[in-house]
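**Q** The sequence shown lines up with residues 994 to 1069 when you count with the working numbering. Below is one structure. I have some questions about it.
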Amino acid sequence: MPLEVKLFNPRRSVCEAVKITNDNLRLVRNWAASDEEIKAHLHTGAVGKWIIRRSDNKFDLMTEGQLWGLYEPILH
994 MPLEVKLFNP
1004 RRSVCEAVKI
1014 TNDNLRLVRN
1024 WAASDEEIKA
1034 HLHTGAVGKW
1044 IIRRSDNKFD
1054 LMTEGQLWGL
1064 YEPILH
């Protein structure tokens, strides 16, 4: 299953976001493997949330409401 990555335009730079599902959890873990801090949060409890890769290659975990409140989607 391919990982669907969406582009978002925050106020300062472009980032990428992926909604975490049971089907893509392993792919998301691999995608975020470079960020030690976020890896501990990527488990089944994160399903339904969004993982965001910022321009500095760090990752954030957010709810959909947090994501849409902070970032403006480039592609709908």
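Using N, Cα and C, we set each Cβ at its ideal position, and we do this for glycine too.
If you measure between the beta carbons of residue 1035 and residue 1017, is that distance less than 7 Å?
**A** no
**Q** Taking all protein chains shown into account, decide if residue 1032 is buried (16 or more other Cβ within 10 angstroms of its Cβ) or exposed.
**A** exposed
**Q** Can you look up residue 1046 in the DSSP assignment and give me helix, strand or coil?
**A** strand
**Q** Considering only the alpha carbon of each residue, which of 1060, 1022 and 1063 lies closest to residue 1037?
**A** 1022
**Q** Starting from residue 1057, trace the alpha helix (DSSP H) in both directions and tell me its first and last residue.
**A** In the DSSP assignment, residue 1057 falls within the unbroken alpha helix (DSSP H) covering 1057 to 1063.
**Q** Which value, in whole angstroms, describes the spacing of the CA atoms of residue 1040 and residue 1012?
**A** 8 Å
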